[in-house]
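Position one of the sequence shown corresponds to residue 562 (my numbering), numbered consecutively onward.
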Amino acid sequence: MGCPVCGSKAVGKVGMDQYYCWDCCVEFRQNKNELNIFEVAEDGSLIAYGQDKFEG
């Protein structure tokens, strides 16, 4: 699985259906019908990546 933002293969699993890209520092969740992308804030909280919500 590659990163949906930068295409990197440097992706690690951080939870159930949750992944982190080490190259562009985003976290994303993938389920059957949608993909949600988040930026990780300095305090570790997740912030929606822009207004983008990809379905696929």
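We treat Cβ as the ideally placed atom computed from N, Cα and C, and that holds for glycine.
What you are looking at is a predicted structure, and each value in this text was computed from that prediction instead of being measured.
Requested in this report: Report the three-state DSSP secondary structure of Glu-600 (helix, strand or coil).
Outcome: DSSP places Glu-600 in strand when its eight states are reduced to three.
Query raised in the report: In terms of residues, what are the limits of the beta strand (DSSP E) holding Ala-609?
Result: Note, Ala-609: beta strand (DSSP E), 607 to 609.
**Report entry** Cβ-Cβ distance between Cys-585 and Val-572 below 8 Å
**Finding:** no
Query - Close Cβ partners of Cys-582 (< 7 Å) along its chain, the five nearest in sequence each way excluded - result: Cys-564, Val-566, Cys-567, Ser-569, Ala-571, Val-572
Query raised in the report: Where does the unbroken beta strand (DSSP E) through Val-572 begin, and where does it stop?
Result: 572 to 576
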